[in-house]
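Enquirer:
In the numbering used here, the protein residues as written are 143 to 267.
#1: Pick from 153, 198, 157 and 238: whose alpha carbon is nearest that of residue 169?
#2: Which residue's Cα is closest to the Cα of residue 206: 260, 256 and 241?
#3: Could you give the DSSP three-state label for residue 194: helix, strand or coil?
#4: Give the range of the alpha helix (DSSP H) segment to which residue 187 is assigned.
#5: According to DSSP, is residue 140 helix, strand or coil?
#6: Along the chain, where does the alpha helix (DSSP H) containing residue 153 start, and where does it finish?
Listed below in structure tokens is the structure:
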């Protein structure tokens, strides 16, 4: 049961981090840096691209984080009391599923950046 509880905590981490980070990013609470935020070559062109990308990521994660919570917790209920192998496999499947929205945000934000900014980071008219 301790292993199950630990793994439950692990699958809750990604939705929790997405929700908390989303709140911080959507409020424009970060300055351009190398430590925290949405960092790609396009998003770091200037303060305008940085703010655009991070606020967009924040708004997306605020919605995705809470939506991932039941998708993460409910399947874990089916392996409560089962062996470590079953719990480990379920955890791995959940984490893989959680990675889909994480990766999709990169694709969506990069498309939006290229739609709204030229390659030098100037807003398109």
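All C-beta atoms, glycine included, are put in the ideal place defined by N, C-alpha and C.
Expert: By the coordinates alone:
#1: 198
#2: 241
#3: helix
#4: Unbroken run through residue 187: none, as it is neither H nor E.
#5: A question about residue 140 goes unanswered here, because the residues of the chain that appear run from 143 up to 267.
#6: 144 to 168
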